Amino acid sequence: MSSYRLPAFALALLLLLGVGIASVWGVSSLRTSNEWIGHTYEVINRIEVAERAIRSTEANARAYRLTGHPEFRSQYLIATHQVDTAHEALASAIRDNPGQHARVKRMREAAQAHLSELRRLFDLQELQGADVARQATNSTLTLRQWNEFDEAASEMRREELRLLDQRKARSDRYANLLIAIVVLGMLLSGGLMISLMVSVTRENKRARRLEFEARSAAHEMALSMAQVDQLSKQRHDLARYSGLLQSCQTLEEIVQLSIDTIRRLVPDASGRFYLIRASQNFHDSVASFGDHLISSTDSLMPSDCWALRRGQAHMVSGEESRQLTCAHLDAGTPAPGITSLCLPLSAQGTSIGLLQVSASAEAMDHGSAVDELIGQLAEQLGLAIANLQLRETLRTQSLRDPLTGLFNRRYLEESLARELQRCERRGLPLSVLMLDVDHFKRFNDTHGHAAGDALLGQVGRQIQAGVRAEDIACRYGGEEFTVVLPELDAAGALVRAEQIRRAVEIATVQHLGQQLGPVTMSIGIATFPGDGLTPEVLLQLADATLYRAKAEGRNRVLHVSYDD
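Residues 51 to 614 (our numbering) are what the sequence shown spells out, left to right.
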C-alpha cells in the first residue's frame, strides 16, 4: 500500500485543486449572470423612470393650462429636462443591444413629438392665455403620441423580461453545475482521503494532521458556497423589492411589501415602522410585525432614538457591553443573543420616519451583510414613502383652489356630470347654486387685494360649513362660487342657499388686526330635471338667475323655473 500513497496523495491534491478552480470559475460565472440580471432590472427601472418623466411633464403642463399656477409652470420646465435625462440614461443602459436601442429611439422620438406639442401649447398660453391654449389642444394628436410612446415602452419591457428569463435560467444552470462539481469533487477527494487515512495513521501523526486539514478545507469550501448562495438569494429579494416598490400606490402596500421582504432576508425578525407627524415633534407607529423579541413604544420623540439623533443606523447587540441604548426600546436591552437595529427613513435630507428591526444575533451577523441589506431597504423605503406623499400632495393641489380650500372648476365639471348621471338613473333631483360676492370690486379697491383674498377665504369657509358632506362646494372663478346639491330639490336648495347667504351676511373678516365687512352674497338656483337636463344648461341657468338676483337688488336667493 505504501507504494500507492504518493500517487494517491498527488491525485487527491489535484482533485482539490480542480474543485477549487471549478468553484472559482462557477462563482465567477454566477456573479456575471447575476450582474446581467441586475442590469435587466436596471433597464426595466429606467424604462419606468422615462415613462414617469413624460407623464409628469404632461400632468404639470395640463395643470398649468388649467390653473395658471406658477408652481406648475416651474415643475413643467423641470420635468421636460428630466425626460431627456431619463432617455439618455436608458439609451446608455442598452447601448449593447441594437434592437433595444432602436426601440429607445422610437420612444425618444415619440416623447420629443409630444414635448413639442406641449411646448406649442405652453408658448400659446404664455403669449395668448390659458383659454387659447386649451382651445388649441388636439386630443387626437396627444392620444396618438401617447400610443406610440407606450407601444415602444411596452416592446422594450417585454424584450427585457424575455432576457431576464433567459438570464435567470443561465444563472440556475451555473448554480446547479457548481453544486455538482463541488459534490463530485468532495466525494472523490473524500474517498481518497479516507483510504490514505487508514494507511497513514499506522505510520505517523503528521499524516493524520494533513488529512484532517484537508477535510477542514473541504468543509470550509462547502460553507463558503452556501454563504454565496444565501447572499445571491438575498440580493435577488432586494432587487425584486426595488422593482415592486415602484408600483405601490398606497402606504399600506409599501409597508406590507417591506415586511414581506424583511422576513425573507431575516426570517425571525420583528419590529415597527414609524412615520413623523406633521407637527415634527414625534414619530407614530403605523405598523408592526413579528413576535417582538425587543419591544418598542407606539410613539417616540426624535430624542428617544440614537438613529434619529445621528441620522444614521444604530445597532445594539446583546453580545456587546456599555452600549448607548435607545430610550424607546425595552429597559433590559441589550438582551442576550438579540440584536436591535434602528434605521432612519429619509429622502433628500428630510426625515420621514424610522424602521426598527430586532432579530437573533446570529441572523443579524454583520459578516453576512444582513444589516447592510436592510439598510439598503430602508433607503429605498424612505424614497418610496416620500414619492407617495409627493404624489398625494400634487393630486390634492390639482383638485383644490389654494385660496379658499374649495374644489376647483375642473373638479366641478367632472363631478357635476357624474352626479347628474347618478341622479338621473335613480330618478332623483339635483340642484346647482351659483353664488357671487356683492360689490367685491368695490371691496377690493377700498381695502386692497390682500383683504379681498382674506374675504374670499372667509366666504369659502362659510360655504363649506353650510353644505352637507355629500355636497360639492367649488370656486368657479374670481368671487363666484358654485355648490352642487345632489338629491336636493328646488325647495331644499332654497333653504340651504338662504342659510349660506345669512351666514355670510353676519360674518366679518379679520385682516391685519382690522375687522372688515360685513359683505353680502347673491345666489341663483337651477334644479334638475325641471330647469335643465345637462350640466351646461344648469350652470348657464343658475348663472343667469344669479345676475337676475343682482339686478333685483343683490343680497338675495333667487330661483326662476325653466318655464319662467
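The C-beta atom is built at its ideal place from N, Cα and C for all residues, glycine as well.
Note that this is a predicted model, so its numbers are computed, not measured.
Item	Value
Residues bridged to Cys392 (per DSSP)	His364, Gln406
Closest residue to Asn494 among Leu480, Gly528, Arg208, Asp521 (Cα-Cα distance)	Gly528
Alpha carbon of Ala601 to alpha carbon of Val509, nearest angstrom	22 Å
Expected contact under 8 Å - CB spacing of Leu642 and Val482 to nearest Å	Here the chain has residues from 51 to 614 only, and residue 642 is not among them.
Phe323, enclosing beta strand (DSSP E) - first and last residue	320-326
Bounding residues of the beta strand (DSSP E) (the contiguous stretch that carries Glu530)	530-536
Spatial distance of His286 from Leu227 (CA atoms)	20 Å
Ala141 versus Val93, Ala103, Asp488, His609, residue with shortest Cα-Cα distance	Val93
Contacts around Gln406, its chain only, beta-carbon distance under 6 Å, and the 5 residues preceding and following it disregarded	Gly321, Arg322, Ser346, Cys392
Touching by the beta-carbon criterion (3+ pairs, under 8 Å), the stretch 556-567 and the stretch 497-508	yes
N- and C-terminal bounds of the alpha helix (DSSP H) containing Thr135	120-143
When Ser221, Met206, Thr130, Leu438 are compared against Ile87, the one with the closest alpha-carbon	Ser221
Ile128, buried or exposed, once every other Cβ within 10 Å from all chains shown has been counted against 16	exposed
Cross-strand partners of Gln590 (DSSP beta bridge)	Partner(s): none; Gln590 has no beta bridge.
Sub-8 Å separation of Leu466 and Cys473 beta-carbons	no
Sufficient close CB pairs (3 or more, under 8 Å) joining the stretch 188-196 to the stretch 57-75	no
Beta-carbon gap between Ser308 and His333 smaller than 8 Å	no
Run of the alpha helix (DSSP H) containing His151, from where it starts to where it stops	148-178
Between the CA atoms of Leu395 and Ser353 - distance to the nearest angstrom	15 Å
Arg398 in three-state terms, based on DSSP	According to the sequence provided, residue 398 is Gln. The question's Arg does not apply to it. Residue state, collapsed to three classes: coil.
Alpha carbon of Gly417 to alpha carbon of Lys283, nearest angstrom	Interpretation of Gly417 is limited by its pLDDT of 49, a score under 50 that renders its predicted location unreliable; the figure taken from the coordinates is listed afterwards. If you take the alpha carbons of Gly417 and Lys283, they lie about 16 Å apart.
Sequence-distant residues of its chain with Cβ nearer than 6 Å to Leu238 (five each side left out)	Leu65
Under the three-state DSSP convention, the category Ser371 falls into	Low confidence applies here, because Ser371 scores a pLDDT of 45, under 50, leaving its location unreliable and the question unanswered by this model.
Check: Leu431 C-beta below 7 Å from any heavy atom of the ligand GDP	With respect to the ligand GDP, the structure offers nothing, as it holds no ligand at all.
For Ala113, the nearest candidate out of Gln398, Val232, Leu168, Pro57 (CA to CA)	Leu168
Touching by the beta-carbon criterion (3+ pairs, under 8 Å), the stretch 450-459 and the stretch 426-436	no
DSSP state of Ser349 mapped onto helix, strand, coil	strand
Entirely enclosed alpha helix (DSSP H) segments - the stretch 556-580, minimum 4 residues	none
Boundaries (first-last residue) of the beta strand (DSSP E) holding Cys473	Where Cys473 is concerned, there is no enclosing beta strand (DSSP E), although the alpha helix (DSSP H) it sits in stretches over 459-476.
Candidates Thr595, Leu456, Ala543: closest to Tyr32 by CA position	Absent from the model: residue 32. The displayed extent of the chain is 51 to 614, so no value can be given.
Gln296 to Leu288 span [Cα, whole Å]	13 Å
Where Arg476 falls, given that 16 or more other Cβ within 10 Å makes a residue buried	exposed
Environment of Arg158 [buried if 16+ CB atoms lie within 10 Å]	buried
Assigned exposure category for Asn84 - 16 Cβ within 10 Å defines buried	buried
Contacting residues, own chain, Cβ-Cβ under 7 Å from Arg604 (five flanking each side not counted)	Asp488, Thr570, Ser572
DSSP state of Met484 mapped onto helix, strand, coil	strand
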